[in-house]
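Visitor: Quick note on this note's numbering: the sequence shown kicks off at 1173 and runs consecutively.
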Amino acid sequence: MATHNVFQDWSEASESFDEIKKYIQNRDITSINEAQTRFDIIDRIIREFLSWQYGNIDVESFARGEKANFVDYILKSGDYTIVVEAKRAGASFPNPSFKSKLKLNGTVLGQGEIADAIKQAENYALEKEADIVVVTNGVCWCFYSAVNKTQETYANILFPFDKYGHAEQLFDIFSLVRVSNKSLDSLNNKPISPENRLINISNYKSMRIDRNSIAEYITPALDNALYADALLENTDALGECFVSTESRTKYDSVLRMHLADPKPNIFDQNNSAKRIKKDKPDGDHIGNILKAPKATFAPPVTLLIGSVGSGKSTFLKHFELISGKELLNKTKSHWIYIDFEKMGQTGNPEFLYMKNY
């Protein structure tokens, strides 16, 4: 049997990934069935891109579970076992507009085809004693540790063909070489051990230092803290983590250009662009709108525009709960916050009437 090259790092694997991406971009994959999805996309990613070899892959392994069935892929390397459940490319999975971490029992992953696939994969993982659960339609890769899974467990979501850097992340976590070097340890839900601490310090500027091993223990804790939905409802946490200083000029590696002011612009009644200043105690522009006397014309619409993770929701919640709380009560304003992610994939607008406004 022919074997594929075992890529040691992303620089070697990127060319192989680009070939797969080019093939996918030249055809409509939304209409292909599950078997074709596996053959055209998932098989190639696992074998050609992630470099898994014959002997490390079990295909269509029988599983009894609640309902006898066959596991699409079981990947084994050393002490690690990964269960991969494959679905057709057109299956209703999260799209690139969603966050890169989603709660397993949340509104997105807790219903629909993705929820059924996760439950199916979990049953397989339980029987096969797998460490990691992966569910994919080839385009979206959802994965998490099956070890010590709780109601608060978050799944990682990657879109290697759509989001910059996600293909490299997929390689760094699931390539055969990386798994052999314990890359999956960073996905475990185990409590952080106090024994893991910084043990090496270097003062030589020319010395090259490998990635600190403590990072794999710190990263999951930081991710869960920053991505947790509960953060937006915690006044104390918002007060501590919210950065009110003006943004600095930075280079956007995706757009390949310098952005002097990445914060959203808003439009006043004269259609002139104004910048939101976070350091104003009264909420700045939003506060001024509330304090202004009622006009005979309709108030302007304020748009907060920014990429995922730029702080739009955090800014609004900070105004509602902290900077503008007193002003909202004083002006007797009715603040309504609607998160359309809560609507889920069904698109049913009835969720609007379930909240107590």
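Using N, Cα and C, we set each Cβ at its ideal position, and we do this for glycine too.
(1) How would you write the range of the alpha helix (DSSP H) that Glu1196 sits in, first residue to last?
(2) Determine the contact status of Phe1179 and Phe1343, defining contact as a CB-CB distance below 9 Å.
(3) Can you tell me whether Thr1209 is buried or exposed? The criterion is at least 16 other CB atoms within 10 Å of its CB, across all chains shown.
(4) Tell me which same chain residues have a C-beta within less than 8 Å of the C-beta of Lys1259, skipping the five on either side of it?
(5) Output needed for Ser1188: all residues of its chain with C-beta closer than 6 Å, excluding positions within five of it in sequence on either side, in chain order.
(6) Taking only three categories from DSSP, how would you classify Ala1302?
(7) In angstroms with no decimal places, state the Cα-to-Cα distance between Val1256 and Asn1320.
(8) Take Asp1408 as the anchor and find which of His1490, Ala1185, Glu1184 and Gly1262 has the nearest alpha-carbon.
(9) Short of 8 Å in beta carbon distance, which residues of its chain neighbour Ile1329, apart from the five on each side in sequence? Order them along the chain.
(10) Within its chain, find whatever has a CB closer than 6 Å to the CB of Tyr1525; leave out the 5 residues flanking it on each side and keep chain order.
(11) Measuring alpha carbon to alpha carbon, tell me which residue in Gln1225, Ile1204, Ala1297 and Gly1250 is nearest Ser1355.
(12) Based on the DSSP secondary-structure assignment, which residues constitute the bridge partners of Ser1249?
(13) Can you tell me whether Ala1537 is helix, strand or coil according to DSSP?
(14) With 16 other CB atoms within 10 Å as the buried threshold, where does Pro1521 fall?
(15) Compute the Euclidean distance between the alpha carbons of Gln1232 and Leu1247, then round it to the nearest angstrom.
(16) Determine the burial state of Arg1216: buried for a count of at least 16 other Cβ atoms within 10 Å of its Cβ, exposed for fewer.
(17) Looking only at its own chain, which residues have a Cβ that is under 6 Å from the Cβ of Arg1350, when we skip the five neighbours before and after it?
(18) Since Lys1489 is in the alpha helix (DSSP H), which residue starts that stretch and which ends it?
(19) So what's Leu1274 in DSSP terms, helix, strand or just coil?
(20) Who does Asp1244 pair with in a DSSP beta bridge?
(21) So Leu1404 packs on Ala1327, CB below 8 Å; how close in whole Å?
(22) What is the C-beta distance between Asp1303 and Tyr1245, in whole angstroms, given that I count them as a contact (C-beta under 8 Å)?
Guide: According to the structure shown:
(1) One detail in the question is off: residue 1196 reads as Ile in this sequence, not Glu. Segment Trp1182 to Gln1197, the alpha helix (DSSP H) holding Ile1196.
(2) The answer is yes: Cβ separation under 9 Å.
(3) buried
(4) Glu1206, Thr1209, Phe1265, Glu1285, Ala1289, Val1307, Thr1308 and Asn1309
(5) The beta carbon of Ser1188 sits closer than 6 Å to the beta carbons of Glu1220 and Phe1221 from its chain, once the five residues preceding and following it are set aside; these are given in chain order.
(6) coil
(7) 19 Å
(8) Among His1490, Ala1185, Glu1184 and Gly1262, the Cα nearest to that of Asp1408 belongs to His1490.
(9) Pro1266, Phe1270, Lys1271, Ser1272, Lys1273, Leu1274, Cys1312, Trp1313 and Cys1314
(10) none
(11) Gly1250
(12) Bridge partners of Ser1249 according to DSSP: Tyr1252.
(13) This structure leaves residue 1537 out entirely; the chain is present only between 1173 and 1529.
(14) So Pro1521 counts as exposed.
(15) For the sequence presented, residue 1232 should be read as Glu rather than Gln. Glu1232 and Leu1247: Cα-Cα distance of roughly 12 Å.
(16) Answer is buried; the Cβ neighbour count reaches 16.
(17) Asp1344
(18) Counting along the chain, the alpha helix (DSSP H) containing Lys1489 begins and ends at Lys1484 to His1490.
(19) strand
(20) The partner list for Asp1244 (beta bridge, DSSP) is empty, contrary to what the question assumes.
(21) A Cβ-Cβ separation of about 19 Å leaves Leu1404 out of contact with Ala1327 under the 8 Å criterion.
(22) Wrong, their Cβ atoms sit about 14 Å apart, outside the cutoff.
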